[in-house]
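In what follows, a single structure is set out as structure tokens and then discussed.
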Amino acid sequence: MQTLTLLLSVCVSLSTAFYFHMGEQEEKCIIEDIPSDTLITGIFKLQQWDVGRHDFLESAPGLGLFVTVTTYNDEVLLSKLYGPQGTFYFTSHSPGEHIICLESNSTRLVSLGGRGLRIHLDIRIGEHDLDAAIAQAKDKVNEVSFKLEHLIEQIEQIVKEQNYQRDREENFRTTSEDTNNNVLSWAFAQTLIFISVGIFQMKYLKDFFIAKKLV
């Protein structure tokens, strides 16, 4: 049961599958927070969608998807045109948020009134192609070996993800402590200013009353 729970947690944490609709020449972007030196695999399928009929249509000839992956430092990790379905890969060079943008190359949807595109996207973090490796295995021993290596890679990826989240938590805690210290220092400085202004006003009034011989 513990092994099964671990495998389920691996699948949930390292894979994200969803679909969304987009129009002609419309760009959709998603943000993934990724540790450094991590392989990212994106599996997609592009389909024409009839909005009125709520049904799929056959893909138009030449229909494709342009995939661009950048970091927040504007470093381009991937920029390539694919067909209506396929798989893209990239490896993160540094930890942080990565922007994955998808855009159709279709210019025909304007004349296809009421039609758009649906994209099925499956993003896998730190996974290698296990099925291909198993297919090349000549016996059960090699197959088990490939599966074990794949499981070890996934465990290493989980450890890497945990370390990355731990570093982020430490940075956040340090930033919070610095902010609290700055707020405390500013509050102390404001208190000193108010006390100084009060003392000055009292001295000024006292000197004024003495000068006017009111006291």
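Numbering (mature numbering (1 follows the signal peptide of the UniProt record, and there is no 0)), first residue to last: -17 to -1, 1 to 198. From the three backbone atoms N, C-alpha and C, an ideal C-beta is built for every residue, glycine too.
- Contact annotation: residue 159 and residue 77 have beta-carbon atoms that are not nearer than 8 Å.
- Shown here, residue 80 sits in a strand according to DSSP, grouped into three states.
- For residue 62, the uninterrupted beta strand (DSSP E) segment begins and ends at 59 to 65.
- Per DSSP, reduced to three states, the secondary structure at residue 195 is coil, with no helix or strand assignment.
- Nearest Cα to residue 31 within the set 180, 87 and 53: 87.
- Distance from the Cα of residue 65 is smallest, within the candidate group 27, 189, 152 and 171, for 27.
- Here the C-alpha atom of residue 151 lies approximately 15 Å from the C-alpha atom of residue 15.
- The bridge partners DSSP lists for residue 48 are 65 and 87.
- The straight-line gap separating the alpha-carbon atoms of residue 48 and residue 165 is approximately 49 Å.
- Per DSSP, residue 15 is one residue of the beta strand (DSSP E) stretching across 10 to 17.
- Pairing residue 21 with residue 70 gives a Cβ-Cβ distance that is not under 8 Å.
- Cα atoms of residue 155 and residue 149: separation of roughly 10 Å, rounded to the nearest angstrom.
- From the listed residues 67, 55, 50 and 57, the smallest Cα separation to residue 73 is found for 50.
- Around the beta carbon of residue 180, fewer than 16 other beta carbons sit within 10 angstroms, so the residue counts as exposed.
- Within the same chain, 75 and 81 come within 6 Å of residue 17 by CB-CB distance, once the 5 residues on both sides are set aside.
- Between the alpha carbons of residue 84 and residue 133 lies a distance of about 29 Å.
- Under the three-state reduction of DSSP output, residue 181 falls in the helix class.
- Judged by their CB atoms, residue 102 and residue 5 are nearer to each other than the 8 Å cut-off.
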